[in-house]
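So the sequences go chain by chain: A and B. Residue numbers for the first sequence follow the working numbering, beginning at 33 and rising by one. Residue numbers for the second sequence follow the working numbering, beginning at 135 and rising by one. Backbone N, C-alpha and C fix where the C-beta goes; we use that ideal spot for every residue, glycine too. Remember, it's a predicted structure, so these values are computed and weren't measured experimentally. A short write-up of the structure that comes next.
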Amino acid sequence: MASVIYHPAYRNYSFGDNHPFRPVRVDMTLDLLRSLGHAVRPVEPEPATRRDILGVHEDYYVRRVEELSAGLEVPDCQDYGLGTPDTPAFRGMDEAARWHVGGTLAGARLICEQGEKRVLQLGGGLHHARRNFASGFCVYNDLAAAIQALTRHGLWPAYIDIDVHHGDGVQQILYEDGRAMTISLHESGRFLFPGTGEVHELGSGVGRGLKLNLPLEPLTEGASYLEVFEEVVPAALSSFRPGVLVVQAGADAHFDDQLADLMLTTRDYERIFRRILEWADAFTAGRVLFTLGGGYSLSAAPRVWALLSLLVHDLPVPAEIPEDWRGRWGAVLGGEPPRAFHDPSSLAADIPNREEIAHRNRQVARRLLDAAGPYWAGRNL
Amino acid sequence: MLVRDILKRPVIAVSGQTTLEDAYRTMQQHGIRHLPVLEGETLVGVITDRDLRLATSALAPSPLSPGRRVSEVMARDPRTADPSDAIEDAARTMRQRKIGCLPVVDDGRVVGILTGLDLLDALLRMTGVDKPSGRLEVRLRDRPGELARLTSFIGERGLNVHSILTHPDGAESVRAVLRVGSIETRLLAEDLRRSQFEVVWPPEKPWPR
C-alpha cells in the first residue's frame with residue numbers, strides 16, 4: 033500500500049519566479065507522472081494549525097511570520113532569517129508554509145492511524161527551519177513536526193536526509209531527543225551552506241549518539257556516496273531499531289543542480305531509493321514517509337521525484353521521457369529537455385582526484401562510526 | 135580579539151615554598167598544566183607539569199624528592215601578557231619561546247592566564263560557523279579598495295557577511311574567505327565572475343551545462 037499527499041495550495045509557498053525554490057518543479061513532476069500514465073491520486077491534507085507549529089517553533093518567531101504574512105512591517109525580521117534574499121517575506125507566507133507542514137503531518141497520521149506503509153508527501157522537506165530562525169527557503173519545519181507526531185504515537189523515527197545541504201533545522205530541534213535518530217548526508221559544511229553537519233555534532237543529553245552527520249567532499253560521485261551510505265545507515269538503523277523512516281528526498285545532490293557540487297545521477301538516486309525501501313522492509317515493517325526538499329535543476333528534479341513516486345508504487349522505470357511532456361516544458365526549461373528518463377550511465381565530467389575524494393569520504397564514515405558507535409553499544413545494554 | 139577577551143580566571147597559583155608534591159596535586163585537582171608562582175601578589179615564576187615530571191623523573195641525573203620546593207624547579211622571570219595585547223602577539227611570543235602559557239599581568243598583579251588551548255578556542259571562534267551560511271573564496275589584487283568592492287557587491291544584493299578572513303596569496307594578491315548568509319552562494323559566484331572577480335570557491339562545474 034502506498035499513498036501520495038499533495039494539495040494545490042502548496043503552490044502558494046513561492047518566493048517568486050526568479051527564485052530557485054519554485055512550485056513549477058512539482059508541477060513538472062506531477063505532469064511527468066501523468067504523461068507516463070501513472071498520474072498520482074493524492075490524499076489532500078489540511079493546513080497545519082497554529083498549535084501544530086508551536087510544537088516546533090517559538091511563539092515570538094511564529095508571530096513575526098504571521099505579521100509579515102499579513103503585510104505588516106517587522107523591523108527586526110532579519111534577526112529571525114525572515115525577509116532575506118534567500119527567504120523573502122510574502123503575503124500569505126504563514127498559511128502557505130502551514131500547508132506544507134499539514135501535508136507532512138497528514139503523512140504521519142496515515143502511517144500511525146491507518147496503518148499505511150509507504151507515504152510520499154509531494155511537498156515539505158523544509159529542513160533548514162530552526163526553532164526561531166528561517167533559513168535556506170524554509171519557514172516552518174514540517175519534518176520535525178511530523179517526527180514529533182510519530183514519536184508521540186510510539187513510533188520512534190529514524191530520519192534520513194539525502195538533500196545535498198545539512199539538515200540543520202531538524203537536527204537542532206531534535207538535538208536532545210533520545211527517541212529520534214537523524215542521519216544527514218550532505219556536501220561538507222566547509223564548502224556548502226549551512227556550514228554545519230560535522231561528524232562531531234552527535235546530539236546531546238539522551239540524544240547523544242543519535243544525531244549522525246556524513247559530510248561529503250565536493251564532486252563526490254554515486255559510487256563513493258553509495259559506499260558510505262551502505263556503511264553507515266544500516267548499522268545505525270539496526271542499533272536504533274526505529275518504528276518508521278522519515279526521508280527528506282531532496283534532489284539537489286544531482287550533478288546538474290546549480291546550488292551545490294555533488295555528482296549523483298538519476299541512476300544513483302534509483303539505487304538510493306531502492307535501498308531505503310528495502311531498509312524500511314527490514315527495520316520498520318515497511319513504514320516510510322518521504323518528503324521532497326531541495327532540487328533546483330528543472331531538468332533533473334522532476335525526473336528524480338517522478339522516479340521516487342514510481343518506486344514507492346512498485347512501478348517500472350521507463351526508458352524515455354514522453355514527447356508531450358518535452359513539448360510542454362521545453363520553454364520553461366530554457367533548453368532541450370532530456371529524451372531519456374535516466375541520465376547516461378557515465379558522465380563526461382573530468383573530475384580531478386577522484387580516488388582522493390572516495391578515500392576522504394571513507395575516512396569520514398569511519399570516524400562517524402567510531403564516534404557514535406560507543407553510544408549505540410550503551411543503548412543495547 | 136584581545137587577550138582580555140579570552141584569558142582564564144581566577145588564576146590558580148602556588149608559592150615558591152609549596153612542595154612539588156602539593157603543586158602536582160593542585161594541577162591534578164583542577165585539570166591544569168601551568169601554575170604561576172607568586173610571592174605575595176608578585177609573580178616570580180611559572181611551574182608546569184613538565185617541569186615537575188622532569189625534575190622528579192627516575193631518568194633525571196639527580197631526581198628531586200616530592201618534598202622539595204617549587205622555587206627550586208620553576209622557570210624564573212617568566213614572559214607575561216598584558217590584557218590589552220592582541221592575541222596574535224601572545225601567540226607569537228608563545229610560539230617563539232616554545233612555551234605553553236602566559237600569565238596575564240596588569241598593574242603588577244596577575245589577573246589571568248592564557249594557554250595554547252585558549253588560543254585554539256579563539257581560532258575556532260574566529261573560523262567557526264555560528265549562523266547558517268555558505269562559503270565564498272575570492273582572489274583579490276592586493277591594492278586599496280578591492281576588498282571594499284567585493285563586500286559592496288555582496289551588500290548591494292542584500293546579503294549579510296558573517297565573517298571574513300584574508301591572507302596573502304602570492305606577491306600581488308590576497309585571498310578573502312567569507313561566510314555569507316545565503317544558500318545561493320553558487321549563484322552569487324556566477325554574478326561575481328561576470329563582474330570580473332576571480333572566485334576560487336565555489337568553482338565552476340567541471341562539465342558543460
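Since residue i contacts residue j with CB under 8 Å, what's their CB separation in whole angstroms?
i, j, result
"alanine 225 of chain B", "leucine 253 of chain B", "5 Å"
"arginine 269 of chain B", "valine 311 of chain B", "7 Å"
"glutamine 153 of chain A", "isoleucine 37 of chain A", "4 Å"
"phenylalanine 287 of chain A", "alanine 381 of chain A", "7 Å"
"asparagine 294 of chain B", "glycine 315 of chain B", "4 Å"
By the three-class DSSP mapping on this structure, what secondary structure does residue i have?
i, result
"arginine 398 of chain A", "helix"
"asparagine 44 of chain A", "helix"
"valine 260 of chain A", "helix"
"leucine 413 of chain A", "With a pLDDT of only 40 at leucine 413 of chain A, under the threshold of 50, the placement of this residue in the model should not be trusted, and no figure is reported."
"alanine 282 of chain B", "helix"
"tyrosine 191 of chain A", "strand"
"proline 337 of chain B", "coil"
"glycine 359 of chain A", "helix"
"phenylalanine 305 of chain A", "helix"
"serine 341 of chain A", "helix"
"histidine 164 of chain B", "helix"
"proline 10 of chain A", "Examination of residue 10 of chain A is not possible in this model, given that chain A is present from 33 through 413 alone."
"threonine 298 of chain A", "helix"
"proline 334 of chain A", "helix"
Within the same chain, show all residues whose beta-carbon is closer than 6 Å to that of residue i, passing over the 5 residues directly before and after it, in chain order.
i, result
"glutamate 208 of chain A", "Ser236, Gly237 and Gly239"
"alanine 41 of chain A", "Trp131"
"aspartate 103 of chain A", "Sequence check: residue 103 of chain A is glycine here, not aspartate. Cβ neighbours of glycine 103 of chain A beyond the five flanking positions: Arg123."
"proline 334 of chain A", "Met60, Thr61 and Leu64"
"glycine 418 of chain A", "Coverage of chain A is limited to positions 33 through 413, which leaves residue 418 of chain A absent and any answer about it impossible."
"alanine 189 of chain B", "Leu198 and Val207"
"threonine 153 of chain B", "Gly201"
"aspartate 240 of chain B", "Pro217"
"leucine 326 of chain B", "Val333"
"arginine 143 of chain B", "Gly246"
Taking Cβ to Cβ, would you say residue i is nearer than 8 Å to residue j?
i, j, result
"glycine 282 of chain A", "glycine 325 of chain A", "yes"
"histidine 232 of chain A", "arginine 163 of chain A", "no"
"valine 181 of chain B", "arginine 213 of chain B", "Going by the sequence as given, residue 181 of chain B is isoleucine instead of valine. Their beta carbons are not under 8 Å apart, which means isoleucine 181 of chain B does not touch arginine 213 of chain B by this criterion."
"valine 97 of chain A", "valine 171 of chain A", "yes"
"glycine 318 of chain A", "lysine 149 of chain A", "yes"
"leucine 100 of chain A", "leucine 86 of chain A", "no"
"proline 336 of chain B", "aspartate 293 of chain A", "yes"
"histidine 308 of chain A", "leucine 347 of chain A", "The identity of residue 308 of chain A in the sequence shown is isoleucine, whereas the question assumes histidine. Cβ distance not < 8 Å, so isoleucine 308 of chain A and leucine 347 of chain A don't count as in contact."
"arginine 95 of chain A", "glycine 327 of chain A", "no"
"methionine 295 of chain A", "glutamate 262 of chain A", "no"
"alanine 190 of chain A", "phenylalanine 305 of chain A", "no"
"serine 35 of chain A", "valine 151 of chain A", "yes"
"alanine 367 of chain B", "valine 137 of chain B", "Outside the shown range of chain B, which is 135 to 343, sits residue 367 of chain B, and nothing can be said about it."
"glycine 139 of chain A", "alanine 176 of chain A", "no"
"aspartate 195 of chain A", "leucine 137 of chain A", "no"
"valine 349 of chain A", "phenylalanine 373 of chain A", "yes"
Identify, in the order they occur along the chain, each residue of the same chain with its Cβ nearer than 7 Å to the Cβ of residue i, setting aside the five sequence neighbours on each side.
i, result
"phenylalanine 225 of chain A", "Gly168 and His197"
"arginine 303 of chain A", "Leu258"
"arginine 275 of chain B", "Glu306 and Ser307"
"alanine 267 of chain A", "Leu401"
Starting from the Cα of residue i, find the closest Cα among the options and give me that residue.
i, options, result
"glycine 221 of chain A", "B:Asp264, B:Asp276, B:Leu188 and B:Val137", "B:Asp264"
"proline 406 of chain A", "A:Cys109, A:Gly241, A:Val279 and A:Glu78", "A:Gly241"
"cysteine 144 of chain A", "A:Ala409, A:Ala212 and A:Val320", "A:Val320"
"glycine 134 of chain A", "A:Phe223, A:His39 and A:Gly69", "A:His39"
"threonine 300 of chain B", "B:Ala282, B:Thr160, B:Glu290 and B:Leu293", "B:Ala282"
"histidine 218 of chain A", "A:Asp126, A:Gly210, A:Arg211 and A:Gly199", "A:Gly199"
"glutamate 355 of chain A", "A:Leu342, A:Arg371, A:Arg307 and A:Thr214", "A:Arg371"
"serine 46 of chain A", "A:Asp126, A:Ala34, A:Leu365 and A:Arg360", "A:Asp126"
"aspartate 193 of chain A", "A:Asn245, A:Gly227 and A:Ile205", "A:Asn245"
"proline 79 of chain A", "A:Asp91, A:Asn44 and A:His51", "A:Asn44"
"serine 377 of chain A", "A:Ile383, A:Asp300, A:Leu340 and A:Ala409", "A:Asp300"
"leucine 251 of chain A", "A:Ser270, A:Val364, A:Phe223 and A:Ser271", "A:Phe223"
"alanine 351 of chain A", "A:His345, A:Leu339 and A:Ala397", "A:Leu339"
"leucine 206 of chain A", "A:Asp195, A:Gly227, A:Leu248 and A:His160", "A:His160"
"glutamine 280 of chain A", "A:Arg54, A:Leu158, A:Tyr93 and A:Ser67", "A:Leu158"
"arginine 82 of chain A", "A:Trp311, A:Glu387, A:Thr183 and A:Ala129", "A:Ala129"
"leucine 330 of chain A", "A:Thr183, A:Glu310, A:Trp408 and A:Ala363", "A:Ala363"
"threonine 298 of chain A", "A:Glu388, A:Pro107 and A:Leu343", "A:Leu343"
"glutamine 330 of chain B", "B:Gln230, B:Leu284, B:Leu258 and B:Gly292", "B:Leu284"
"valine 419 of chain A", "A:Glu310, A:Leu142, A:Asp118 and A:Ile383", "The question about residue 419 of chain A has no answer here: the residues shown for chain A are numbered 33 through 413."
Note down, in chain order, each residue of its chain lying with its Cβ closer than 8 Å to the Cβ of residue i, except the 5 sequence neighbours on either side.
i, result
"valine 145 of chain B", "Pro170, Pro237, Val244, Val245, Gly246 and Ile247"
"leucine 248 of chain A", "Leu217, His218, Glu219, Ser220, Ser256, Tyr257, Val260, Leu294, Asn393 and Val396"
"glycine 210 of chain A", "Gly237, Val238, Gly239 and Leu242"
What residues of chain C sit near residue i, judged by a beta carbon separation below 7 Å?
i, result
"isoleucine 288 of chain B", "Considering every chain present, this structure includes no chain C. Its protein chains are A and B."
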